[in-house]
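The next block holds one structure in the form of structure tokens; read it before the comments.
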Amino acid sequence: MSAESTTREQIASVTAEYLATELKISADGISGADVLRDLPGADSMKLLRVVSKLERQWDVEFEDEAIFAVKTVDELVALVEKSVGGDLAAS
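The opening position of the sequence shown corresponds to residue 1 in UniProt numbering, with each subsequent residue numbered one higher.
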């Protein structure tokens, strides 16, 4: 998936899909406001695997400090969005 064609909605969808697969929960039950570590079955190793999958999906590498600062699903989506397109979030 190229950065030019990637939208926030696509990033959010893929992020929820990876979280759901790794945590063995339904993607429909994942909300942007959810705290990552509070998701059912979440632990640091599973969350790091999700981050690794996101890095491979969009061919990016996140700074360790940025990853450890992320608390919610929305914050993780925003980090991916910033890394992929830089200016996708016209805010």
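All C-beta atoms, glycine included, are put in the ideal place defined by N, C-alpha and C.
Candidates the options: closest to residue i by CA position
{"i": "Ala-42", "options": "Ala-27, Ser-31, Leu-23", "result": "Leu-23"}
{"i": "Ser-26", "options": "Ala-69, Ala-16, Ser-44, Glu-63", "result": "Ala-16"}
{"i": "Ser-83", "options": "Asp-74, Glu-75, Glu-61", "result": "Glu-61"}
Beta-carbon proximity check, residue i vs residue j, cutoff 8 Å
{"i": "Leu-36", "j": "Thr-72", "result": "yes"}
{"i": "Leu-54", "j": "Val-80", "result": "yes"}
{"i": "Thr-21", "j": "Gly-85", "result": "no"}
{"i": "Phe-51", "j": "Ile-67", "result": "Per the sequence presented here, residue 51 reads as Val, with Phe not at that position. Closer than 8 Å, so yes."}
Assigned exposure category for residue i - 16 Cβ within 10 Å defines buried
{"i": "Leu-48", "result": "exposed"}
{"i": "Val-14", "result": "buried"}
{"i": "Ala-33", "result": "exposed"}
{"i": "Ala-69", "result": "exposed"}
Start and end residues, alpha helix (DSSP H) containing residue i
{"i": "Ile-67", "result": "64-69"}
Please go through the UniProt domain "Carrier" (2-84) and give each complete beta strand (DSSP E) segment of 3 or more residues, from N-terminal end onward.
Runs found: none.
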